[in-house]
Amino acid sequence: MKKKFLLAGALLFASAYFAQAQDTTKATPASADPGLTIFGSVDTYYKYDFAGRKNANIATSFGSEPNSVSIGMVDLGVKKKYNKALFVGEVSFGPRGQEQSLLPGKTGDSYHVQNLYVGYDVTDKFNVTAGYMGTFVGYEVISPVGNFNYSTSYLFTNGPFQNAGLKLTYAFTDKVSLMAGIFNDSWNVYESNRDVSTFGAQLMVAPVKGWTAYVNLLSGTFSGTEIDLTTAYQITDKFKLGLNAATFSAPNDGGGFSGAALYPQYAVSNAVTFGLRGEYFKNKTKSGATKYSNIIAGDDVKAFTLTANIKAGPLTVIPEVRLDNAKSDASFLKSSGAASKSAGQFLLAAVYAF
2 MKKKFLLAGA LLFASAYFAQ AQDTTKATPA SADPGLTIFG SVDTYYKYDF
52 AGRKNANIAT SFGSEPNSVS IGMVDLGVKK KYNKALFVGE VSFGPRGQEQ
102 SLLPGKTGDS YHVQNLYVGY DVTDKFNVTA GYMGTFVGYE VISPVGNFNY
152 STSYLFTNGP FQNAGLKLTY AFTDKVSLMA GIFNDSWNVY ESNRDVSTFG
202 AQLMVAPVKG WTAYVNLLSG TFSGTEIDLT TAYQITDKFK LGLNAATFSA
252 PNDGGGFSGA ALYPQYAVSN AVTFGLRGEY FKNKTKSGAT KYSNIIAGDD
302 VKAFTLTANI KAGPLTVIPE VRLDNAKSDA SFLKSSGAAS KSAGQFLLAA
352 VYAF
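Numbering (my numbering), first residue to last: 2 to 355.
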């Protein structure tokens, strides 16, 4: 009941601000219509599993087809901001999108809605956004354009991809902002089976030039609770250091996960950057594997991914070597099919952004 009152209050609050903002806008000459911005990407990859497995041995999100030249997705988006109003619509086609559609509550379609939301700048500091949005939690994102590594982390795979709801963001200064919102009862779906019952918040701070940190929270009776820290610091023109740490508690005492990932990156030239993702991940569920990966209950894994980004205009070529090592010998498989503590893969991807 409290969250229903919160939703009603937020809508009334936003409506009052809209009315006030519209009165102010009447006296302001309309700016030229900027038209639509079209954006997106296309990606393809080859992955070789060191154990020669035909099924994914390192089962994180996307890029899950080993020993094959495979496709990712065509990602197509449009956005427009005119005066104070904004909309974004983004749809993907292909296996990368289909894997998201196979999550609980999805139909398994070959397309996937990545983003579909509208926003309004009530003032220069206060924004209201509603719809289906890429999650604000975590370091990595769905689109390969937004990630340095092509393979994804366990933290990304097990956390939310998207959230549907209403959020309010207030920028106190260019160095501090706060977002608070209410979201559907489940992650990664644009409809609620029960109600709008998940609370979300994000505190952004930028202590010094080049350093930004986000403290994120998602908590609901049906969705569980995740607390997440995401930060990146461009220490020099060539060296960048990122960090993601998170802990998740599933509803009904269903366990969860915790972990941390470090992302050092060094640019040897304008066209070539090397990076390493070092991750520790623990499955705290009481039985079975985590929801979207093969790390069994109670097991933990250390994963090291060495990646290069080689840029040629809008095209990025991504060679990558990944080695995962688990505490037990039940999360991975050898070429014979016997259980193994470790797994490895080589991946070569090409991502074209527009």
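C-beta atoms are modelled at their ideal positions from N, C-alpha and C, and glycine is treated no differently.
Under the 8 Å Cβ criterion, the region 130-148 counts as touching the region 239-251, having at least three qualifying pairs. It is roughly 9 Å from the alpha-carbon of G90 to the alpha-carbon of K81. One alpha carbon belongs to R54, the other to N68, and they sit about 8 Å apart. Selection G147, V216, Y46, A207 evaluated against T174 yields A207 as nearest (Cα-Cα).
Contact between the region 152-165 and the region 55-66 is present: 3 or more CB-CB pairs across the two stretches fall below 8 Å.
For D300 and A251, the gap between their C-alpha atoms comes out near 17 Å. The C-beta of G147 has fewer than 16 other C-beta atoms within 10 Å across all chains shown, which makes the residue exposed. Scanning the region 125-213 for uninterrupted beta strand (DSSP E) segments of 3 residues or longer gives 127-135, 163-172, 177-184, 199-206, listed from N- to C-terminal end. The region 220-261 is shown to contain whole beta strand (DSSP E) runs of 3 or more residues at 225-235, 240-250, in chain order. For A261, the CB contacts under 6 Å within the same chain, skipping 5 residues up- and downstream, are A246, Y281 in chain order. Taking a C-beta distance under 8 Å as the contact criterion, R97 and G73 qualify as a contact pair. Within 10 angstroms of the beta-carbon of K168 lie 16 or more other beta-carbons, which makes it buried. P96 sits in a helix when the DSSP states are folded into three classes. Within the same chain, Cβ atoms closer than 6 Å to the Cβ of N150 are found at R278, T306, T308, the five residues on either side in sequence being excluded.
Considering only S42, V43, D238, the residue with the shortest C-alpha distance to S270 is D238. In the three-state DSSP reduction, A344 falls in the strand class (E or B). Looking at the DSSP output, A309 sits in a beta bridge with F275.
Less than 8 Å divides the Cβ of V352 from the Cβ of I319. In this structure, the CA atom of N295 is about 31 Å from the CA atom of L77.
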